[in-house]
Amino acid sequence: MGTVTKKELIDRIADATKQKRVVVRETVQCFLDQVIVELGRGNRLEFRDFGVFEIRDRKPRVAQNPKTLERVKVPAKKTVKFKVGRLMQQQIEEDEIAPVKTAKV
């Protein structure tokens with residue numbers, strides 16, 4: 000199991016859709032930018048069968064530095080929560096990952 004980069008995904012999408020890589024790159028980047036914008040506005044993003052992204056507020060807390068054992072105050076912050084969708088969960092649990100059907104463009 001390895002890491003797949005955005006560039007590799009763009010290459011795969013371009014090959015699957017027969018679109019120019021520059022067009023796919025711009026589309027993927029625009030999509031990611033919009034996800035960030037909507038989460039920044041506090042909106043919940045739901046992609047059926049894929050998953051749900053939402054902002055969660057984390058309360059301030061006291062943590063401990065494991066090396067020095069010093070107590071440190073951790074301020075409140077916002078974080079992104081991702082809940083896995085049904086189809087993705089099924090794919091993850093299967094021993095062999097079946098190719099995902101892509102929509103015709």
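FYI, numbering that gives the first Met the number 0 numbers position 35 of the sequence shown as 34, with every residue one higher than the one before it. Virtual Cβ for every residue (Gly too), placed ideally from N, Cα, C.
Should residue i be listed as close to the ligand HEM, given that the test is whether its C-beta is under 8 Å from any heavy atom?
i	result
R57	With respect to small molecules bound, the structure shown includes none, and the ligand HEM cannot be examined in it.
Given a cut-off of 9 Å on the beta-carbon distance, is the pair residue i and residue j in contact?
i	j	result
V51	G84	yes
Can you round the beta-carbon distance between residue i and residue j to whole angstroms, since I take them to be within the 8 Å contact cut?
i	j	result
E37	L44	6 Å
L86	D48	3 Å
Taking DSSP as the reference, what is the three-state secondary structure of residue i?
i	result
Q18	coil
R24	helix
K6	helix
When the Cα of residue i is compared with those of the options, which residue comes out closest?
i	options	result
F46	K82, I91 and K19	K82
P59	K76, E53 and E69	K76
E53	T26, V23, T2 and V34	V34
Pull up the DSSP beta-bridge partners for residue i, would you.
i	result
I91	None, per the DSSP bridge assignment.
T78	R55
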